[in-house]
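Residue numbers (the numbering used here): 59 to 373. Beta carbons are placed, not taken as given, at the ideal position from N, Cα and C, and that holds for glycine. Below is one structure, written out as structure tokens; comments come after it.
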Amino acid sequence: MSVNLAQVWLGGDVFGWSADAHEALQVMDAAYEGGILAIDTSDVYPAWAHEGRMGVSEEIIGRWVSSRGVRAQVTIGTKVGYYAMPIVGGIGSNVIHSQIDKSLRRLQTDYVDIYYAHRDDGGDLHDTLTAFSELIKSGKIRSYGLSNFSAARIREAVEICNREGLPRPAAIQTRYSLLSRDFEFDIRNAVSAGELAVIGYSVLAHGFLTGKYQAGVEASTGRGDNSGAHYLNDLQACAVLEVVREVAAAHAVSPAAAAIAWVRQQPTVAAAMSSARKVEQLAPMIESRTVELTAEEVGRLEQVSRKSPPRVRFW
59 MSVNLAQVWL GGDVFGWSAD AHEALQVMDA AYEGGILAID TSDVYPAWAH
109 EGRMGVSEEI IGRWVSSRGV RAQVTIGTKV GYYAMPIVGG IGSNVIHSQI
159 DKSLRRLQTD YVDIYYAHRD DGGDLHDTLT AFSELIKSGK IRSYGLSNFS
209 AARIREAVEI CNREGLPRPA AIQTRYSLLS RDFEFDIRNA VSAGELAVIG
259 YSVLAHGFLT GKYQAGVEAS TGRGDNSGAH YLNDLQACAV LEVVREVAAA
309 HAVSPAAAAI AWVRQQPTVA AAMSSARKVE QLAPMIESRT VELTAEEVGR
359 LEQVSRKSPP RVRFW
């Protein structure tokens, strides 16, 4: 069964962290009213920021979906197996089968539209892919995806699916922005060869491409040290932001909307994802859906943000 990947996804990683339950419900209400009908989360959010709060984001989203009666109208994606956290334990079939039931209870639904392997644990991919296939057959998930996988492992996954007659991943999640373009060097080729779709996250480079960071001016991020302020010391990043501002002005939109539109218009990219801890942060996401950059504008942005292929990749 195919899943609607939408154009823009609302990231739920901040729900229960820098956005409390009340704020998160307001954000989802406003996103829904603005036409953003896809929400992404994980079974660990926001435990990676606050230990002991595993699954709180899913609980908040479930409360919203249930109380508003909008399950049929929204696309929900969640993830399993954040291997860096021992409370999860990787993406083996036993973990996948046990964690999906917990996610469904928290989300107050009987199915998830797309269920991701959050990170590659280096284990047996056949075991992982078989588990996802079984969940699709059971009706607990409509489709599955891979998040933060290397090009080699994406190719391996596609080969296994083709050989064993298993359903292919519906989407690949990867970090992608004008300031983080490693995806283009090898993962894009693997995705294209496998005829897979991409959802880019961190599309605003931790907020730097919104233009809110200025030298000597403190910006409120709600994310502690996890902010984009360090880009102020990066001459290329500042040059990129200047061109983003110029392109945005030509379309009478915010810099963030232009940066998101650039991601959306890239080959193999189906959607862009961004988080919002306040209602006002949704505006660029909503307006980005109708922005169409010209070929000249895309070229300018790609030229100013171009970097050499990375020598080492960490996943």
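For E350, the closest alpha carbon among the candidates R226, Y140, D244 and H309 is that of H309. Counting only runs of at least 4 residues, the region 183-258 fully encloses the following alpha helix (DSSP H) elements, listed from N- to C-terminal order: 183-196, 209-222 and 245-251. With a cutoff of 9 Å on beta-carbon distance, T167 and V61 are scored as not near each other. The alpha carbon of D87 has as its nearest neighbour, out of Q323, F207, A334 and R200, the alpha carbon of A334. Nearest in C-alpha terms to S346, of all of D292, V321, S161 and R239, is V321.
For Y173, the three-state secondary structure derived from DSSP is strand. The C-beta separation of L262 from S332 comes to about 6 Å, placing the pair in contact by the 8 Å criterion. In this structure, G70 lies near I119, with their beta-carbon atoms less than 9 Å apart. The closest CA to that of G265, considering only G252, C296 and Q324, is found on C296.
Exclusion of the five residues before and after I212 leaves A248 as the residues of its chain whose Cβ lies within less than 6 Å of its Cβ. In the three-state reduction of the DSSP assignment, S333 falls in the strand class, which pools E and B. Remark: C-beta atoms of Q231 and Y140 do not approach each other more closely than 9 Å. Around the beta carbon of A251, fewer than 16 other beta carbons sit within 10 angstroms, so the residue counts as exposed. Between Y103 and the set D78, L299 and H184, the nearest pair of CA atoms involves D78.
Rounded to the nearest angstrom, the Cβ distance from F207 to D182 is 14 Å, too far for a contact under 8 Å.
A residue is called buried once 16 or more other Cβ atoms fall within 10 Å of its Cβ, and S124, having fewer, is exposed. In the three-state DSSP reduction, L68 falls in the strand class (E or B).
With respect to the 9 Å criterion, L63 and I218 are not classified as neighbours on the basis of their beta carbons. Boundaries of the beta strand (DSSP E) harbouring K137: T133 to V138, taken from the DSSP string. Here DSSP, grouped into helix, strand and coil, assigns D98 to strand.
Counting along the chain, the unbroken alpha helix (DSSP H) around R121 starts and ends at V114 to R126.
Listed as beta-bridge partners of F266 by DSSP are no residues whatsoever.
The C-alpha of S156 is placed about 46 Å away from the C-alpha of Q361. The beta carbon of E117 sits closer than 7 Å to the beta carbons of R164 from its chain, once the five residues preceding and following it are set aside; these are given in chain order.
Here DSSP, grouped into helix, strand and coil, assigns A328 to strand. For the pair A89 and T348, the Cα-to-Cα distance works out to about 15 Å.
Excluding sequence positions up to five before and after A209, its CB lies within less than 6 Å of the CB of D244, I245 and A248, all in the same chain and listed in chain order. Judged by DSSP secondary structure, E304 falls within the alpha helix (DSSP H) whose first and last residues are L293 to H309. Residue pairing by DSSP puts A77 in a beta bridge opposite F73.
DSSP places Y289 within a helical segment (H, G or I) once states are collapsed to three.
DSSP, read as helix, strand or coil, puts V85 in helix. In chain order, L83 and M86 place their CB closer than 7 Å to the CB of W122, counting only its own chain and leaving out the 5 sequence neighbours on each side. When the five nearest sequence neighbours on each side are left out, the beta carbons in the same chain lying within less than 6 Å of the beta carbon of Y289 are those of F266 and A295, in order along the chain.
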